[in-house]
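Enquirer: My questions all concern the structure below.
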């Protein structure tokens, strides 16, 4: 059961506002679920998914719903100076939680277009 943890990018929040940030996080929390269900227990930062496939399916759907939450990769920024330069946040994915260790890492491409 993978867990997505998103820490906000303050530059993005300053650019788009906290209401826009909360709207994107609410999409992650509710997309594809029945009404009144959330996968984050109202945290807007820790999201539980059944599978990695579900996590990336939701991410792809959010890209269509809130494209300004995603940015171009750093390698393309000089060629596209008017494109979105910063993502909504930093994505950490925890795929296994154990008593003594966990399998987790930053997905540096999670919010790239």
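Residue numbers (my numbering): 516 to 628.
Heads up, the beta-carbon is just placed ideally off N, CA and C, and yes, glycines get one too.
None of these values were measured; they are calculated from a predicted model.
Determine, using beta carbons only, whether residue 596 and residue 584 come nearer to each other than 9 Å.
Expert: Residue 596 sits at position 81 when you count from the first residue of the chain shown. Residue 584 sits at position 69 when you count from the first residue of the chain shown. No.
Enquirer: Who does residue 606 pair with in a DSSP beta bridge?
Expert: Counting from 1 along the chain shown, the entry for residue 606 is found at position 91. Residue 606 is bridged to 521.
Enquirer: Can you check the stretch 527 to 609 for any alpha helix (DSSP H) of at least 4 residues that lies completely inside it and give the ranges in chain order?
Expert: Runs of the alpha helix (DSSP H) inside the stretch 527 to 609: 533 to 545, 567 to 580.
Enquirer: Between which residues of its own chain and residue 527 is the CB-CB distance below 6 Å, once the five residues before and five after are set aside?
Expert: For the purposes of this step, residue 527 is identified with residue 12 of the chain shown, where counting begins at 1. Closer than 6 Å at the Cβ level, and outside the excluded window around residue 527, lie 601, 603.
Enquirer: Please confirm whether residue 538 and residue 554 have their CB atoms less than 9 Å apart.
Expert: Residue numbering aside, residue 538 sits at position 23 when the chain shown is read from its first letter. Residue numbering aside, residue 554 sits at position 39 when the chain shown is read from its first letter. Taking 9 Å as the Cβ cut-off, residue 538 and residue 554 do not qualify as a contacting pair.
Enquirer: Excluding the 5 residues preceding and the 5 following residue 563 in the sequence, name in chain order all residues of the same chain whose CB lies nearer than 6 Å to its CB.
Expert: Numbered from 1 along the chain shown, position 48 holds the residue referred to as residue 563. Contacts found: 518, 554.
Enquirer: For the putative contact between residue 565 and residue 516, defined by C-beta atoms under 8 Å, what is the C-beta separation to the nearest angstrom?
Expert: For the purposes of this step, residue 565 is taken as the residue at position 50 of the chain shown. For the purposes of this step, residue 516 is taken as the residue at position 1 of the chain shown. Indeed they touch by this definition, with Cβ atoms about 6 Å apart.
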